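K.L.:
No gaps in the numbering here: position 166 of the sequence shown is 165 in numbering that gives the first Met the number 0, and each next residue is one more.
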Amino acid sequence: MKKVLFISYYWPPSGGSGVQRPLKFVKYLREFGWEPVVYTSSNGEVPEIDQSLLKEVPEGITVLKQPILEPYSIYKFFTGKKGKEKIDPNFFSRKKVGWKDKLAIWIRSNFFIPDARQWWINPSTKYLLNYIKENNIDAIISTGPPHSMHLIALNLKRKTGLPWLADFRDPWTNIDYFKNLILTEASRKKHQRLEKEVLAEADKVIIVGKTWGEELEVIAERKVDIITNGYDEADFQLNPKPALDAKFSIVHLGMFSKGRNHEVFWKVIKNIADENADFKNDILLKFYGKYDISAVEYMNKYDLGFCTEFYEYVPHNEIIKVQYSSQVLYLSVNDTPNVKGIMTGKVFEYMAVKRPILCIGPNNGDAAEIINSTKSGFVSEFLDEVTLKQNILKLYYNYKNNIHFEGGVGLEQFTRKGLTKQLATFLNEIATTNK
């Protein structure tokens, strides 16, 4: 069996969205002829801890861990955060920040390129070169962000000539918050130069969505392949499945940032509740995970505290039960300049439980295309109160009349096992080409 070195900053017990893709690839790679050797940090700054994910790591997998020095203590000093307090992953996309935040952003933007893990690049390169010399490695995968993982792989590629696949879970210079970095012209050019070096020298480049892939091809001037995110069938084999909520629950899972918090949602819920006493009695809004303070502000502005609940991070195995019990799953797309390509990983798990999705986002976006093509829910534009109200009332009518939702068509193409087969095919291709 061929061996692939898999470089990923996020790895169990790290929780959050960033760990799902590398974990699921590693979980199934053996079935397609590749033995993964994982390289990750032993003390990284991660959004959450989720011990339940450790159970998904295949038995006998080699996981190499090395300590990393990160500058978050500097950021915490400037912003007054406590030593054990987690960094807000949405920090750079906030629209309102104080002077301390701006200073921290300026330092981060110009002294830590491509990201705060840059100090890990050279030590990791040295460590992994020694490992490769002593062990048979046939290929390399790097997954980012953080894009420092790609620079580690770039160094290894240049020194060993091993075939290398670069996996982009998010864009680099085309990410929505890149414009919010307070960059000097020299820093901006350095980001662009490093990105182009990675794109030029990787034997294969993959990204999670069609629109982002098209945009990356323009930067790279080469073909970029697509492997979407997906859902793991093994995660959804619950017996018995949880009962549906008695209330008309509209549930959002994961980071609820300012960019995802659209006032139109609260306004329409309030409007329907004022018009319909039954709806007011039945409605329940639930948010699981970190949320921006603007959510509380809108809740108070529209007097919806009576029907709104906020929950902290819930382990992945438990959050699947929440999805099954939800009457409606809320997908809120970030309202950003490159919004068309945004497609959060949770949309695939939403589809897997076959509960209706209520999406606010662009009708021509990648998320809308998948929701519509699989008949998994309803989409309305960011400012379209009329369509959003119609969509909610359709879902509420079905709830009141016990009408079963018939959705989720053609989901087989998004299974994590099937997507890993695509990854293995690409690995075989570059391994053969580089012989």
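Here a beta-carbon is modelled for each residue, glycine too, at the ideal position from N, C-alpha and C.
None of these values were measured; they are calculated from a predicted model.
Just the C-alpha distance for lysine 132 and valine 18, rounded to the nearest angstrom, thanks.
P.N.:
Their Cα atoms are separated by approximately 28 angstroms.
K.L.:
My guess is that glycine 407 and threonine 373 are in contact by the Cβ rule of under 8 angstroms, so how many angstroms apart are they, rounded?
P.N.:
Rounded, the Cβ-Cβ distance is 6 angstroms, consistent with contact.
K.L.:
Along the beta strand (DSSP E) that carries alanine 138, what are the first and last residues, could you check?
P.N.:
Alanine 138 -> beta strand (DSSP E) spans 138–143.
K.L.:
Give the C-beta separation of histidine 261 and isoleucine 359 to the nearest angstrom, bearing in mind that I take them to be a contact with Cβ-Cβ under 8 angstroms.
P.N.:
Between isoleucine 359 and histidine 261 the Cβ distance is about 5 angstroms, and since that is below 8 angstroms, they are a contact.
K.L.:
How do the segment 23–40 and the segment 361–369 stand: do at least 3 beta-carbon pairs fall below 8 angstroms, yes or no?
P.N.:
Not touching, per the Cβ criterion.
K.L.:
Relative to the alpha-carbon of asparagine 135, which residue among Thr159, Trp118, Asn299 and Glu274 has its alpha-carbon at the smallest distance?
P.N.:
Selected option, being the one with the closest Cα: Thr159.
K.L.:
For glutamate 232, which three-state DSSP category applies?
P.N.:
Three-state DSSP puts glutamate 232 in a helix.
K.L.:
So, are the CB atoms of serine 16 and glycine 376 less than 8 angstroms apart?
P.N.:
No, they are not a contact pair.
K.L.:
Determine the burial state of methionine 0: buried for a count of at least 16 other Cβ atoms within 10 Å of its Cβ, exposed for fewer.
P.N.:
With fewer than 16 Cβ atoms within 10 Å of its Cβ, methionine 0 is classed as exposed.
K.L.:
Hey, lysine 222 and glutamate 216 are a contact pair by Cβ (cut 8 angstroms); roughly how many whole angstroms apart?
P.N.:
Contact flag correct, Cβ pair sits at about 7 angstroms.
K.L.:
Within 10 Å of its beta-carbon, does glutamine 50 have 16 or more other beta-carbons around it, so buried, or fewer, so exposed?
P.N.:
It counts as exposed.
K.L.:
How would you write the range of the beta strand (DSSP E) that threonine 432 sits in, first residue to last?
P.N.:
No beta strand (DSSP E) holds threonine 432; the alpha helix (DSSP H) holding it covers 415–432.
K.L.:
Determine the closest residue to phenylalanine 255 out of Trp105, Val332, Leu28 and Leu243, with distance taken between C-alpha atoms.
P.N.:
Measuring from the Cα of phenylalanine 255, the nearest candidate turns out to be Val332.
K.L.:
Enumerate in chain order the residues of its own chain whose CB-to-CB distance from leucine 63 is below 6 angstroms, with the five nearest sequence positions on each side excluded.
P.N.:
Within the same chain, leucine 63 has close Cβ partners Tyr38.
K.L.:
Would valine 263 and leucine 394 qualify as a contact pair, given that the criterion is a beta-carbon distance under 8 angstroms?
P.N.:
No.
K.L.:
Hey, is threonine 172 close to the ligand HEM, as in C-beta under 7 angstroms from one of its heavy atoms?
P.N.:
Absence of the ligand HEM from the depicted structure is noted, as is the absence of any ligand whatsoever, leaving it without description.
K.L.:
Just list the beta strand (DSSP E) runs in the segment 257–290, keeping only unbroken ones of 3 residues or longer that don't cross its boundaries, in chain order.
P.N.:
Whole beta strand (DSSP E) segments, 3+ residues: 282–287.
K.L.:
Go ahead and pull the three-state DSSP assignment for isoleucine 249.
P.N.:
It is a strand residue.
K.L.:
So alanine 106 and serine 186 are in contact, right, with Cβ under 8 angstroms, and what is the actual spacing, rounded?
P.N.:
Looking at the sequence shown, residue 106 is not alanine but isoleucine. Not confirmed; about 11 angstroms, so no contact.
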